[in-house]
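Working notes, beginning with the structure itself.
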Amino acid sequence: MEQYAIKGGNPLVGEVEIGGAKNAALAILAAAAMTEETVIIENVPDLRDTMVMLQAMKSIGIQVEKPDRHTVKINAGVVNNLIVEDDSIKKIRASYYFLGALLGKYKKAEVALPGGCNIGLRPIDQHIKGFRALGANVRIEHGLIITEADRLIGSHIYLDVVTVGATINIMLAAAMAEGQTIIENAAKEPHVVDVANFLNSMGASIKGAGTDVIRIKGVPRLHGTEYAIIPDQIEAGTFMFAAAVTRGDVTVKNVIPKHLESISAKLEEIGCEVEESDDAVRVVAAKPLTHTHVKTLPYPGFPTDMQPQITVALGLSRGTSIVTESIFENRFKYVDELTRMGASIKVESNTAIIDGVARYTGASLTAPDLRAGAALVTAALAAEGISTIDDIKFIERGYEDFPQKLQSLGAQIEKVNTERELQKFRLKVG
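Structure (structure tokens):
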């Protein structure tokens, strides 16, 4: 029955440490398979998704050690086979990074079709287009994507849409291709830059990551390295909005404020104070929140992964707000859950029209996906009374120690496994 039990009404106050970026970590773990030497990766978030990636690496013969909770030591000196179809790998989207990594290194890969959150159509056509441009054959058979090439030759690739996954995957494959590859209309997200920096620390030659044109000069081999993953901008943003909806005062530490600029700007727009320092951002919500309009866009625009969190905040803001989702078409499934808490939100196609209400009230909720699940937690923290949230497995895919971190800020939240534990929580919080 694993669920979160939450009693709302406490402003979140204090400091919270942000972990390593999940989306960077998943690609970097796959990239570590591209050298036969030992790679040490630090600041790896301890999440279900990262555990699944490591398990998949072990399943093909790669040695994986964890000297401590957030450090992984990888040696891919021996790879037994190039078929990644571990049952659990089918459940996460980032499984496709094994395609680029193994194709780049071994010129062959077979990987189970990716899963992940059901937030809309997320085709892999741009990945396939990139691999084919480099000279690979790509086909789908028996639930596997199969890529192989006699040799990979650098190419000029223009992506039809801005896509983080395809940008990273093509970068992985091209790192060891012959000659130069140019990716145009590339994604500019911080984790694209982090993966490029990681590959460069292994001896790759990648320039322009963080701009819309990435140039890659293929190298014959990559070597071992030690590397620390950047902080997670979405985890940081989630805590920043949790401060806003609970009328709190939270300092998120171990962040890169530049990566959070679009989030900080919207928080200031709706009436929060945001203070930046070198590696921390403080959000104070002392005044009533006000309405705004927001449209999700590729970086440096407002992130689609923060759309549910800002919608929760705007549901408690004065006036009417409009949220437009331009990345995924199925990302408003959580609105029905918010409506059960008293929110006034109307969804038309890819737009949510939000009339702010004075308060949310506790309810029995179900997390439809990772980010919406985290947003529902923040709504429950702001609500009057007790809420329960089911399907927390989605939330734990992307947030390490989420209840514990919230408890450290004064939240009344517990993970419960039985009806008895839930009753104990109800009695404890009154």
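Numbered per my numbering, the sequence shown spans residues 1238 to 1667.
Note that CB positions come from ideal geometry on N, CA and C, so glycine has one too.
Being a predicted model, the structure only gives us computed values, none of them experimental.
Check whether the Cβ of residue i lies closer than 7 Å to any heavy atom of the ligand HEM, and answer yes or no.
| i | result |
| --- | --- |
| A1595 | No copy of the ligand HEM appears in this structure; indeed no ligand is present at all. |
Inspect the beta-carbon positions of residue i and residue j and report whether they are closer than 8 Å.
| i | j | result |
| --- | --- | --- |
| A1338 | A1270 | yes |
| G1402 | L1389 | no |
| E1421 | D1387 | no |
| I1243 | S1624 | yes |
| N1317 | T1275 | no |
| I1466 | A1412 | no |
| G1245 | A1619 | yes |
| V1492 | I1255 | yes |
| E1512 | T1541 | no |
| R1608 | P1545 | yes |
| V1348 | V1321 | yes |
| N1247 | A1648 | yes |
| P1535 | K1425 | yes |
| L1659 | I1650 | no |
| G1593 | G1635 | no |
| G1538 | I1500 | no |
| I1329 | P1351 | yes |
Using three-state DSSP, classify residue i as helix, strand or coil.
| i | result |
| --- | --- |
| S1586 | coil |
| N1220 | Nothing can be reported for residue 1220: it is not among the residues displayed for the chain, which extend from 1238 to 1667. |
| D1573 | helix |
| D1305 | strand |
| L1396 | coil |
| V1456 | coil |
| D1449 | coil |
| T1529 | coil |
| G1337 | helix |
| D1627 | strand |
| K1524 | coil |
| I1444 | The sequence given here has Lys at residue 1444, not Ile. In the structure shown, K1444 sits in a strand (DSSP, three-state: E or B). |
Taking the beta strand (DSSP E) that residue i belongs to, which residues open and close that run?
| i | result |
| --- | --- |
| N1374 | 1374-1378 |
| Y1536 | Unbroken run through Y1536: none, as it is neither H nor E. |
| V1520 | 1517-1521 |
| T1488 | 1486-1490 |
| A1258 | It is not in any beta strand (DSSP E) - A1258 carries neither H nor E in the DSSP assignment. |
| V1594 | That residue, V1594, is in no beta strand (DSSP E); it is neither H nor E in DSSP. |
Would you give the residue range spanned by the alpha helix (DSSP H) that residue i belongs to?
| i | result |
| --- | --- |
| I1471 | 1470-1482 |
| R1369 | 1362-1370 |
| E1506 | 1498-1506 |
| L1381 | That residue, L1381, is in no alpha helix (DSSP H); its beta strand (DSSP E) goes 1381-1385. |
| K1672 | No information on residue 1672 is available, as it lies outside the stretch 1238 to 1667 that the chain covers here. |
| T1615 | 1607-1619 |
Apply the 10 Å Cβ neighbour rule to residue i and answer buried if 16 or more other Cβ atoms are within range, or exposed otherwise.
| i | result |
| --- | --- |
| A1261 | buried |
| R1285 | buried |
| L1664 | exposed |
Measure the beta-carbon distance from residue i to residue j and round it to whole angstroms, keeping in mind my assumption that it falls under 8 Å.
| i | j | result |
| --- | --- | --- |
| T1272 | L1436 | Rounded, the Cβ-Cβ distance is 10 Å, inconsistent with contact. |
| I1582 | L1575 | 6 Å |
| R1484 | T1527 | Actually they are not in contact, since the Cβ atoms of R1484 and T1527 sit about 13 Å apart, beyond 8 Å. |
| R1241 | I1629 | The sequence given here places Tyr at residue 1241; Arg does not occur at that position. About 6 Å separates the two Cβ atoms, so the contact holds. |
| A1616 | V1482 | 7 Å |
| L1266 | L1291 | 7 Å |
| K1259 | D1469 | 6 Å |
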